[in-house]
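Engineer: Protein chains in written order, with the working numbering: chain L, 2 to 381; chain F, 7 to 174; chain R, 782 to 1168; chain U, 373 to 559; chain D, 10 to 205.
Heads up, the beta-carbon is just placed ideally off N, CA and C, and yes, glycines get one too.
Pasting a structure here, questions to come.
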């Protein structure tokens, strides 16, 4: 625990007693069961220690007791805002380990699913961020209206809105027929209209500017040293997007930009997500335009008794929160020997204290909101 | 005198007594506020509504809040571990001073009959206009002096606050 | 109260004098206790439905036809809720705080005129009384926060007191402008001075340059006074969970809500009286029909102000504590002082167009000066490059 | 470009580096470094202008019960030069008192939480770690759950459809059996 | 032109447009009044598994082979094979429990089942009052007819029926071929037998 609240002289004649509060597991804006032990001097944050582990269900040990396919549905429960990217990360790691070739159409479908889940994740992320700033639910519910359409599409395709369990090693489970493709094209066509309305509501709003600009600045060197990935790092100027670096799936053949910020404060992290959504819409338009015909599942992958030659390997994907990786060790048996997840939300929390010290309590809350963590992924 | 006067003064006296005897500082301040409201009610009773409102505005609105903030900065406010006995050791000296003061006041209070204190119904028009005229006409010098004093106090507060911010 | 006294005196001549006086005293109070809490109940429903519609969803529509009985259902539910008092709480103060929250809200209505001659107490210093009573809520908020012995409520209480006190000053200054123009402090005469002109509307103070600035200051002061949207720091859900009323449940919590809404409506009422010409509107006059139409006008303006509050609540996020204080002392107060000077120009420059030009010019210059030196909140142009 | 092990041995005197192959398809060979020279190798990899591995993406603990050691695996990437994973491995014996590895938080700040998680779940102490506390389990928890020889406590409440060892343990403890299981106790 | 409160006023304009729009445009109001109106669940949607039977409930397709029990990740299926009085195993489950408080609707049991006997349902109103025994669905609750399956998932049911019919014909053809081969062999062996 943090040191007892001694009367540390706050640089003035009057020594004020420090107030130690825990913005605890049950708190309206910690995005789940997450706790921050904050030492306050009046309203200013002096020290902040994140405490995690309330949602820890030891998913990695469960995976050691299950077959390779058995833990695929569990990956939906990691970052339950985009289960498609989680599935893809796990499938990619296994395919890299076992050397499985994925048919062309399945790769295109994977990009559609991952980018749609990125859209609804970023929409909800900025909705929650502005909810923490105090906009009483309006931006969040506009974002959720768009998210509903995307979740309905996921339900039509994979069967469940959030727990899709849609990817298989070597492809996807269900093929997209024309009616589903038409539904996806309609969603992508309507998304920019929502973005424009959202930007007019929030981006130039003086109160949002006053609250978000110059707050929680993350310098570029600290972002790289702290292994920060995803929009949080790109907002600080780190030019690193795994879709461009690894060129996995068909991202190599698609043209899209990766927005990079300069200052790295809460406003940049908010606006980078808006720009990333616009880029995702561009990707979706390209992919939906030229999706080839063909099989959606590699033939040689057996459903039961699927074995991987002994050895270890690390596969990673640009999830909506950052770099989501799977480190798998196999002994040649049907069960993984070691199954480790590289959770972006968990690692992005390393620098939470550096960003919050010196700011007010209200700022600490929106800085946490701007990192956009999901506790399923932090605690695993 | 009418009933209202007795009720209000009883409430005011109760507030004053409680303000002195209670252990918990916060309760004392609340009793003090009760006392201030009692005084304001007296003013309204005497149809001096401007004074009553100013009393509420200044004392209840500002001074009481100031005292509350001061209390917030002190320790052990709930008076659990304070001195137990109510009357200090040298209580009799306090009582003597109070007695002499009472005698002097008695002479002033009883010199003119209570009735004159209550202006007749119709004569009581708004006292604000008179006060305004008197302030600007007769007492304009003192008004300006007080104004300068208050601005000086305001600027002093700002300077102290700025020092505090520079240092931390 | 005097008009009701004469009215009753005439009709019930044979009744002993003191009963008539008591009746004349009780009727306005019954009106205030009856109408304004009813408007509060209605406002909760209208607020939830309006916010719902803003957020593309229905508001409550299950209880009663369009959810009309929802306030009744809420009231009943709150009555049945268990009233939990934390063990370490300061029992007496914890109990007293919700009571004291509602008192200032209701006291302000004493001086708000609803129809010609119909005002509960025709104080000569109505406006000052309304604003003085507004400060009393600060003490109740502090008592609630301190008594709950909970760190979040303490933070909320400190913020609430600081906010109420520091927004009191610009509001009073903005009120001074109207008092100078109207020449009296009595709300009834202020409203009468705003009558006349084309359709009883053109003389409203809001159509004067200094009146518009005063109106905006009063609206912002009203929002801050009752801790509503851009200034709802004291009970900011995201930081302080519930602020000063975290540890309250059951009907005490409902009293806090009522106190807050009543304070909000009280400030709206005072704004309507001072700037939007109280009950003045086409058709309002002394007769029975005239005063009915006047009452209609007053309550519709009040409803308009409440809708504005709700609209703002559905759109803007909240400010931070230091920005809130900075905004009050660095922008609102200078603007209010400048406004007083503007009224001076208005009063002494007899030819109307000249007065218009000078006051508007004066105000615009100062407005630009103030926004220039508080430029921190303006959009910092940022460019984002694509890799 | 990714440094070869000979270059590393040359750069860091005395470092014992062994190449551990991975699956033929993944082709991510790992460099097993001895504990004493780990920090020096890491610092070299980070500061060397040709490789500039400034992004420590993933730190993992793996418990090889049969071989008797716990392995910590570091995946390093370069944000500046954008080249692929360099895998560092370091091994420590399984016994709790000797199970310690030098911490790389001083080289990469990002390892802080991940090393705390490896300590919490595997019991590997990281020397030089600024704030080595449990991160996922609660502080009073004494055991290290991800070790292969960890036996979970048998404090199950109601388990409506018990299976395999849970079924055996419920029967042994005389616990409540699901009605269908009671119909025919499996041999 | 850019006056100081521009962003704030634009925000108000957006909310006003939404407020007014919600009265006129249907897409601005997305609420579905649940008990009265219901969203039509898409065909692929899956909630909890159920067992399919063709003609009568006491002859389900399931042969209690326990593949789904082994493959189920959260281990929520519990099967006891039926035995006749002499102890010979019948190809039928005596008890088949699915604990829907543990089941995570991942549909792996449907994929691995070789006999197309377990399918995913569309019905999501399965809440019960009790937490322990009420949420364990026994064999009688799980059994549903094939035409119910054909009704909730027309396309999938058609595929499954076609596949089963094809398998049945193939088996029949193979049996016929085997009988013919046996007959032919029998015919061939007697002449050899008689010849010696």
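1. Along chain R, which residues have their Cβ under 9 Å away from the Cβ of residue 44(D)?
2. Whole angstroms are fine: how far does the CA of residue 55(D) sit from the CA of residue 153(D)?
3. Does the beta carbon of residue 170(L) sit closer than 8 Å to a beta carbon anywhere in chain U?
4. For chain R, find out if any of its Cβ atoms is closer than 8 Å to the Cβ of residue 46(L); answer yes or no.
5. Residue 281(L): which of 332(L), 321(L), 155(L), 80(L) sits nearest, CA to CA?
6. I want to verify the contact list: residues of chain L whose CB lies under 8 Å from the CB of residue 836(R), in sequence order.
7. On the DSSP letters alone, give me the boundaries of the alpha helix (DSSP H) that residue 918(R) sits inside.
8. Can you list the beta strand (DSSP E) stretches of 3 or more residues lying completely in the stretch 115-159 of chain D, in chain order?
9. Roughly how many whole angstroms lie between the Cα atoms of residue 43(D) and residue 843(R)?
10. Quick one: which unbroken beta strand (DSSP E) runs of 3-plus residues sit fully inside the stretch 320-358 of chain L? Chain order, please.
11. Nearest chain L C-beta to residue 23(D) closer than 8 Å, yes or no?
12. Do residue 90(L) and residue 329(L) have their beta-carbon atoms positioned less than 8 Å apart in this structure?
13. Using a 10 Å radius around the Cβ and a threshold of 16 neighbouring Cβ atoms, would you call residue 138(D) buried or exposed?
14. Using the rule of at least 16 other Cβ atoms within 10 Å of the residue's Cβ for burial, across every protein chain shown, is residue 12(D) buried or exposed?
15. Determine the extent of the beta strand (DSSP E) in which residue 449(U) is found, giving its start and end residues.
16. With a threshold of 8 Å between beta carbons, is residue 454(U) in contact with chain L?
17. Thinking C-beta only, is residue 370(L) closer than 8 Å to residue 130(L)?
18. Starting from the beta carbon of residue 1095(R), find every residue of chain D whose beta carbon is closer than 7 Å, and list them in chain order.
19. Three-state secondary structure (DSSP) at residue 85(D)?
20. Counting only Cβ pairs nearer than 7 Å, list the residues of chain R close to residue 133(L).
21. Going along chain U in order, which residues have a C-beta closer than 9 Å to the C-beta of residue 87(L)?
22. Which residues of chain L have a Cβ atom closer than 8 Å to the Cβ of residue 126(D), listed in chain order?
23. In chain U, what lies closer than 7 Å to residue 228(L) by C-beta?
24. Residues of the stretch 265-279 of chain L in Cβ contact with chain R at a cutoff of 9 Å, in chain order, please.
25. Restricting to Cα atoms, I'd like to know which of 62(L), 46(L), 102(L) is closest to residue 1(L).
26. By the three-class DSSP mapping on this structure, what secondary structure does residue 11(D) have?
27. Enumerate, from N- to C-terminal direction, the unbroken beta strand (DSSP E) stretches of 3 or more residues contained entirely within the stretch 471-502 of chain U.
28. Just to check my reading of the structure: residue 95(L) and residue 298(L) have Cβ atoms closer than 8 Å, yes? What is that Cβ distance to the nearest angstrom?
29. List, in chain order, every chain L residue whose beta-carbon is nearer than 7 Å to that of residue 115(D).
30. Start and end of the alpha helix (DSSP H) containing residue 948(R)?
31. So residue 1148(R) contacts chain F; which residues on that side make the cut at Cβ distance below 8 Å?
32. Do the stretch 84-93 of chain D and the stretch 164-182 of chain D touch if we need at least three Cβ pairs shorter than 8 Å?
33. Starting from residue 1153(R), follow the alpha helix (DSSP H) in both directions and report where the run begins and ends.
34. Please report the straight-line C-alpha distance between residue 505(U) and residue 438(U), rounded to a whole angstrom.
35. Against chain D, with Cβ distances strictly below 8 Å, would residue 105(L) count as a contact?
36. At a CB-CB cut-off below 8 Å, which residues of chain U make contact with residue 263(L)?
Structural biologist: So, from the listed chains and residues:
1. On the fifth chain, position 35 is the one that residue 44(D) refers to. Within 9 Å Cβ-Cβ: nothing; residue 44(D) doesn't reach chain R, min ~10 Å.
2. As a working note, residue 153(D) is residue 144 in the fifth chain. As a working note, residue 55(D) is residue 46 in the fifth chain. Their Cα atoms are separated by approximately 15 Å.
3. What you label residue 170(L) is simply residue 169 of the first chain in a count that begins at 1. Cβ-Cβ to chain U under 8 Å: no for residue 170(L).
4. Working through the first chain from its first residue, we reach residue 46(L) at position 45. Chain R contact via Cβ: absent.
5. Here residue 281(L) is taken as the residue at index 280 of the first chain, counted from 1. Of the listed residues, the one whose Cα sits closest to residue 281(L) is 321(L).
6. On the third chain, residue 836(R) is found 55 positions in, with the first residue counted as 1. Within 8 Å Cβ-Cβ: 138, 139, 142, 143.
7. Within the third chain, residue 918(R) is the residue found at index 137, counting from 1. Residue 918(R) -> alpha helix (DSSP H) spans 907-928.
8. 127-129, 152-154
9. Translated into positions along the fifth chain, residue 43(D) becomes position 34. Translated into positions along the third chain, residue 843(R) becomes position 62. Roughly 12 Å separates the two Cα atoms.
10. 324-331, 337-343
11. If you number the fifth chain from 1, residue 23(D) lands on position 14. Yes - at least one Cβ of chain L is within 8 Å of the one on residue 23(D).
12. Position 328 of the first chain, counted from the start, is the residue given in the question as residue 329(L). Position 89 of the first chain, counted from the start, is the residue given in the question as residue 90(L). For residue 329(L) and residue 90(L), no; Cβs fall outside 8 Å.
13. Position 129 of the fifth chain, counted from the first residue, corresponds to residue 138(D). Residue 138(D) should be labelled exposed.
14. Within the fifth chain, the letter at position 3 stands for residue 12(D). So residue 12(D) counts as exposed.
15. The residue you call residue 449(U) lines up with position 77 of the fourth chain. Its beta strand (DSSP E) spans residues 441-449.
16. As a working note, residue 454(U) is residue 82 in the fourth chain. Taking 8 Å as the CB threshold, residue 454(U) lines the interface with chain L.
17. Taking the first chain and counting its residues from 1, one reaches residue 130(L) at position 129. Taking the first chain and counting its residues from 1, one reaches residue 370(L) at position 369. Taking the C-beta atoms as reference points, residue 370(L) is found nearer than 8 Å to residue 130(L).
18. In the third chain, counting from the first residue as 1, residue 1095(R) sits at position 314. Going along chain D in sequence order, the residues near residue 1095(R) (Cβ under 7 Å) are 24.
19. Looking up residue 85(D) in the fifth chain gives position 76. Here residue 85(D) sits in coil by DSSP.
20. As a first step, residue 133(L) must be located in the first chain, where it is residue number 132. 1019, listed in chain order.
21. Locating residue 87(L) in the first chain gives position 86, counting from the first residue. None at all; the shortest Cβ gap to chain U is about 16 Å.
22. As a first step, residue 126(D) must be located in the fifth chain, where it is residue number 117. Chain L residues near residue 126(D): none, gap ~16 Å exceeds 8 Å.
23. Your numbering for residue 228(L) matches position 227 in the first chain. Those within 7 Å of residue 228(L) in chain U are 427, 428, 429, 480, 482.
24. 268, 269, 272, 273, 276
25. No answer is possible for residue 1(L): the residues shown for chain L start at 2 and end at 381.
26. The count along the fifth chain starts at 1 and reaches residue 11(D) at position 2. Of the three classes helix, strand and coil, the one that applies to residue 11(D) here is coil, per DSSP.
27. 472-474, 497-499
28. Working through the first chain from its first residue, we reach residue 95(L) at position 94. Working through the first chain from its first residue, we reach residue 298(L) at position 297. Taking 8 Å as the upper bound for CB-CB distance, residue 95(L) and residue 298(L) are not in contact here, some 14 Å apart.
29. Numbered from its first residue, the fifth chain carries residue 115(D) at position 106. The answer, in chain order, is 74, 166.
30. The sequence position of residue 948(R) within the third chain is 167, counting from 1. 932-963 is the span of the alpha helix (DSSP H), which, as asked, contains residue 948(R).
31. Here residue 1148(R) refers to the residue found at position 367 of the third chain. Residues of chain F passing the Cβ test: none, with the nearest at roughly 24 Å.
32. no
33. Position 372 of the third chain, counting from 1, holds the residue named residue 1153(R). Segment 1133-1154, the alpha helix (DSSP H) holding residue 1153(R).
34. The count along the fourth chain starts at 1 and reaches residue 505(U) at position 133. The count along the fourth chain starts at 1 and reaches residue 438(U) at position 66. Their Cα atoms are separated by approximately 28 Å.
35. Counting from 1 along the first chain, the entry for residue 105(L) is found at position 104. Closer than 8 Å: no.
36. By one-based count along the first chain, residue 263(L) stands at place 262. The contacting residues do not exist; residue 263(L) stays about 17 Å from chain U at best.
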